[in-house]
Structure formats: C-alpha cells, structure tokens
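Take a look at the structure set out below.
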Amino acid sequence: MFKALNTVGKYILLMKRAFARPERVRMYFKQFIKEVDQLGVSSIGIVLLISFFIGAVITIQIKYNIESPWMPRWTVGYVTREIMLLEFSSSIMCLILAGKVGSNITSELGTMRVTQQIDALETMGVNSASYLIFPKIIAMVTFIPILVTFSIFAGIIGAFATCWFGGIMMATDLEYGLQYMFQEWFIWCGIIKSLFFAFIIATVSAYFGYNVEGGSIEVGKASTDSVVMSSVLILFADLILTKLLT
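Sequential numbering of the sequence shown, starting at 259, is according to my numbering.
This is the structure:
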C-alpha cells in the first residue's frame, strides 16, 4: 500500500514538473512536431491494417453466428457499426497503441536516463521533465483522435470488402445497417475517450521511463511495466467513461 501511494506521489510530482511553463516555446514546438511524426504518423499503418481486418472479421462473425430468418439482414451492419464506434476504434485500438507507442516512450526515456543524458540536461539548467515529456503528451492527445477516426473508416471499408470480394451478403444491406439509427454522439464518445487514453499512455509510459534506475535490463522491465499499467488504467477509465458518456 505504501509503495503504491509513493508511486502515485512521484507520478503527480513528475507531472507537475512536466506541465511547467516552457522556457523556449519554439524549441518545444520543434520537439512536438518530432513526437507527432515518431509517435503518431508512424502508427497510421498499423492502425489502418488492424482496423481493416477487424472490421472484416466482425462482419463475417456476426453474419454467420446470428443469422436467423427472424432477424433482418441489415442487423450485421448495425452491430458492426456499434462495435467499431463504441469500443474497438477507441478502447481496443488504444490498448494496441499502449504496446507500440507506450513501450517506445518508456524505452527512449529509460535509455536517456541510464546513459545520463537526462542528468546532462539538468546540469545545463533545462527542465528535463517538461522538455522531454510535455511534447509527447501534447502529441499523443492531438494525434490519437485522428488515429481513432482512421480506424473507424478502415473498419467500415473492411466490412464492405467482405461483401464486395467475399460475397457473404449484399453491400446494400450492410450499408442500410450502418446508417440505421445512426447517432453522431457515438463518434464523439470514441474521440473523448481516446483523449483520456492518450493522456494515460503518454504520462504513465513517461513516468516509468523517466524513473528507470540501473541498466538496459531495467529499461526492458520498465517498458513491460508501463504497457501493463497503461492497459489496466485504460480498461478502468473505459469502464467509467462508458458509464458517463452513454
């Protein structure tokens, strides 16, 4: 219990340093652009690929497992849309990004810590927590909603692909189900949740990387711990946000 409280206290103090007023805005802006490219743009490919195949698989599974003469054929499109909007494109995709992006952040900061690069920044009078962590947080919060939007579109295209090339059902039936009782708020729910998840991934991963003590083995362990903790917190936040938003 004491260890957990100590960890929370160190996390809060680190975030207080990270959100301190920047010394040079131009320098932080350059770092922000770099992080957007490294953490966000580089993740577009895997997001599109996974979302495309998940959309296709969901459509196939629903078509063959809930097929009934009493159920309209457009139900497949309706259920696929709800799964993609409410859970997969926001929550599950952020769990995947916690493994890819979160481990990247932790290993980068951990390597800088064990090679004393962070100590060198502190010696030069630079607020290392703010300079290294703040641009990562802003980049993640800015770009994750864009990735969620890409994920939604890729999943829908994957669903249509099963109709066009797999021939499991008529594309017109799928299209009607995707449009049936559509609520724009569900898209905003996914985007709002992704903002919280992005903050969790960036800050938790940065905390574990920034506070690494030891050598390369500890960096690897910190990367694993950050992914596990980020995933647990994302699931917990998903439970609360789903209750509040829907």
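Where is the CB? At the ideal position from N, CA and C, for every residue including glycine.
Query raised in the report: Where does I300 land, buried or exposed, given buried means 16+ other C-beta within 10 angstroms?
Result: If you number the sequence shown from 1, residue 300 lands on position 42. Sequence inspection shows Ser at residue 300; the Ile mentioned does not correspond to that position. Exposed, since its Cβ has fewer than 16 Cβ neighbours within 10 Å.
Self-check item: Nearest-angstrom Cα separation, counted from I414 out to T338
Solution: Translated into positions along the sequence shown, residue 338 becomes position 80. Translated into positions along the sequence shown, residue 414 becomes position 156. Cα-Cα distance, rounded: 8 Å.
| request: Classify L493 as buried or exposed, calling it buried when 16 or more other Cβ atoms lie within 10 Å of its own Cβ. | output: Here the question's residue 493 lines up with position 235 in the sequence shown. Label assigned to L493: exposed.
* Going by CA-CA distance only, name the one from T265, N264, Y269, A262 that's closest to A387. => Within the sequence shown, residue 387 is the residue found at index 129, counting from 1. Looking at the Cα atoms, Y269 is the closest of the given residues.
Okay, do the segment 411–430 and the segment 357–367 touch, 3+ Cβ pairs below 8 Å being the bar?
no
Quiz item: Nearest-angstrom Cα distance between I445 and W328?
Solution: Looking up residue 445 in the sequence shown gives position 187. Looking up residue 328 in the sequence shown gives position 70. If I take the Cα positions, the gap works out to 30 Å.
Within the same chain, show all residues whose beta-carbon is closer than 7 Å to that of V477, passing over the 5 residues directly before and after it, in chain order.
Counted from its first residue, the sequence shown places residue 477 at position 219. Cβ neighbours of V477 beyond the five flanking positions: S365, G368, T369, V372, V470.
Mapping the DSSP letters down to three states, classify E281 as helix, strand or coil. By 1-based counting over the sequence shown, the position of residue 281 is 23. Coil at E281, not helix or strand.
**Prompt:** Does the Cβ of A276 have 16 or more other Cβ atoms within 10 Å, making it buried, or fewer, making it exposed?
**Reply:** Counted from its first residue, the sequence shown places residue 276 at position 18. Buried, because 16 or more other Cβ atoms sit within 10 Å of the Cβ of A276.
Report the three-state DSSP secondary structure of M342 (helix, strand or coil). Translated into the one-based positions of the sequence shown, residue 342 becomes position 84. Helix.
Could you round the C-beta distance between M351 and V406 to whole angstroms and report it? I think they count as a contact, below 8 Å.
In the sequence shown, counting from the first residue as 1, residue 351 sits at position 93. In the sequence shown, counting from the first residue as 1, residue 406 sits at position 148. So it is a contact: roughly 7 Å between Cβ atoms.
- What does a CB cutoff of less than 8 Å around I376 pick up in its chain, not counting 5 residues either side in sequence? Within the sequence shown, numbered from 1, the residue matching residue 376 stands at position 118. So the list reads L367, M370, S386, L390, Y468, once near-sequence residues are dropped.
_Where the alpha helix (DSSP H) containing I458 begins and where it ends_ = Indexing the sequence shown from 1 puts residue 458 at position 200. Per DSSP, I458 belongs to the alpha helix (DSSP H) from 442–468.
How many angstroms separate the CA atom of I404 from the CA atom of F310? Along the sequence shown, one-based indexing puts residue 404 at 146. Along the sequence shown, one-based indexing puts residue 310 at 52. When rounded, the distance between both Cα atoms is 16 Å.
- request: Can you grab the Cα-Cα spacing for the pair F423 / G416, in whole Å?
  value: As a working mapping, residue 423 is identified with position 165 in the sequence shown. As a working mapping, residue 416 is identified with position 158 in the sequence shown. Roughly 10 Å separates the two Cα atoms.
ask   = Fully enclosed by the segment 358–413, which beta strand (DSSP E) runs are 3 residues long or longer?
value = none
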